[in-house]
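Quick note on UniProt numbering: the sequence shown kicks off at 1 and runs consecutively. Structure first, commentary second.
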Amino acid sequence: MVGTPTRQEEEGPVDLPRGKVLGRRWRIKEKLGEGGCGAVYKVVDIRTGISAALKAESNFVAGGPVLKLEVQILRRVKGRKHVTQLLHSGKKEKYSYMVMTLLGDSLQKLTSGKISTVSTQVRVGVQILYGIKQLHEVGYIHRDIKPANLAIGLRGRETHIIHLLDFGLAREYVLRKDNKVEMRHPRTDTLFRGTTRYCSANTHTRNEQGRPDDLWSLIYVIVELRGALPWERLTDKKEIGKAKLATSDRRLMMNCPVQMLDIATHLRTLDYYTRPDYLLIYKKFEEVMKAGGFKHSDPFDWEKPGAASTLTRKLRRTLSISEEVPSEKENQNIEQASQDQTLVSEDCGDTTGTKKGKKTTDNDVTGKDKDPNADLYSAADFEKNEIGF
């Protein structure tokens with residue numbers, strides 16, 4: 001006889017059997033991973049045969065479900081490049097779920113233990129910058145930018161694009177009322193939220209995170225592409241924070257192009273309320289690209305087997321940390337779908353693929369994708385101010 005599930009069991013990872021169909025459309029193929037209260041599955045659209053990723057989370061999570069927040073954010077960034085796309089969301093009696101873009105390997109897997117070329121470093125920097133700006137323009141900060149939360153796509157041109165994912169630690173930095181948008185006032189003495197290796201020094205001092213903090217994480221991610229971060233061997237959160245405060249920009253970036261010092265200098269002029277100059281940061285990366293003769297369409301180091309040398313030690317795994325739970329008001333502000341909602345056309349476009357990252361053949365790539373001179377960005381992408389401040 002099967003007993004009634006305990007509260008602890010209900011709060012644990014959602015276990016969905018292979019072959020189960022959700023939303024009358026998404027068939028479970030395999031489990032890709034799981035955390036304390038959620039799990040991620042590879043699913044297939046039974047109408048089109050296209051693969052996607054499904055994240056399921058218990059409805060009994062202490063402090064309120066995180067999945068609702070992620071669904072809200074993904075709705076806001078719908079149609080934007082370099083960001084995971086939401087395909088479907090729904091709620092059952094014991095769990096909620098969302099279906100989203102299935103991406104390829106993470107930047108962590110692609111680059112861990114290797115020294116990247118400057119070409120790869122600065123082009124990765126531009127792509128992450130673009131993705132972060134897309135999120136900022138809809139009123140959110142990520143608060144957990146790291147290689148594990150950045151991944152390439154699986155089809156055609158998307159295999160050359162780095163996507164921002166996992167918005168479980170994100171926070172809205174704006175207030176929306178009466179069709180007006182304004183900055184939220186920062187809280188004092190906030191709890192830690194992020195990953196110790198890549199979060200800003202400001203995060204360690206328990207100040208409210210803003211847009212500049214995501215950009216400091218970007219800096220740490222791309223600095224690490226050229227060598228270990230100065231605090232790489234440290235494990236204590238307080239000691240890592242002290243190391244970040246004590247490390248000069250010049251020492252931090254000793255293996256990086258000198259133009260990156262100007263980016264750090266700019267970030268140090270910002271506070272919580274100040275809008276970062278995304279265009280300035282982009283131009284600094286472009287200066288390096290112009291000097292080196294690099295193009296965004298050039299292959300990355302991981303696309304050229306054997307091109308990158310290895311570090312003497314493998315980097316440690318990084319874990320996201322959250323010491324805070326959503327407030328009751330925040331949970332009330334997050335729309336909770338009471339029934340399945342499909343957010344994609346019948347054919348799902350080309351936003352999903354296969355988990356294993358099958359190599360693309362010429363038949364999979366359009367004529368535009370084959371153009372070796374087709375660059376991806378313009379200054380206007382980084383100059384426009386969509387949110388207004």
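By construction, the Cβ of each residue, glycine as well, lies at the ideal position given by its N, Cα and C atoms. Keep in mind that this is a model prediction, so the values were computed, not measured.
Determine the DSSP secondary structure at residue i, reduced to helix, strand or coil.
i: I46; result: coil
i: S248; result: coil
i: G131; result: helix
i: R27; result: strand
i: G19; result: coil
i: L86; result: strand
i: E386; result: coil
i: K91; result: strand
i: G33; result: strand
i: V40; result: strand
i: A264; result: helix
i: A243; result: helix
i: T235; result: coil
i: K304; result: coil
Closest by CA to residue i, which one among the options?
i: N59; options: S96, R24, T48 and H88; result: S96
i: L225; options: R157, D301, I281 and L102; result: D301
i: L87; options: E286, E93 and R76; result: R76
i: Q127; options: L164, G292, R171 and K384; result: L164
i: T117; options: P212, N255, K384 and T269; result: N255
i: Y278; options: L107, K133, K92 and V83; result: K133
i: D249; options: E239, R233 and L229; result: L229
i: K55; options: V43, K20, L376 and R143; result: V43
i: L154; options: M183, D105 and D178; result: D105
i: T247; options: A264, T48, T159 and T235; result: A264
i: Y272; options: K109, R187, D236 and T111; result: R187
i: K290; options: T269, P257 and R275; result: P257
i: P13; options: R47, A62, I46 and D45; result: A62
i: Y173; options: K238, T274, Q108 and T235; result: T274
Go to residue i, then tell me how far its alpha helix (DSSP H) extends in each direction, as first and last residue.
i: K284; result: Y278 to G292
i: E383; result: A379 to E383
i: E70; result: L67 to R76
Please tell me whether residue i and residue j are closer than 8 Å, where the distance is taken between their beta carbons.
i: R18; j: E34; result: no
i: L267; j: L215; result: yes
i: K146; j: S217; result: yes
i: L69; j: E57; result: no
i: I115; j: G227; result: yes
i: L245; j: M253; result: no
i: Y198; j: V221; result: yes
i: L102; j: A52; result: yes
i: H136; j: R25; result: no
i: D298; j: S119; result: yes
i: I162; j: L175; result: no
Just to confirm the assignment, what range does the beta strand (DSSP E) spanning residue i have?
i: K55; result: S51 to S58
Legend entry - Sequence ranges, alpha helix (DSSP H) only - wholly within the segment 157-227, length at least 4: 201-204 and 211-224
Legend entry - Unbroken stretches of the alpha helix (DSSP H), 4 residues or longer, contained in the segment 94-149: 107-111 and 118-137
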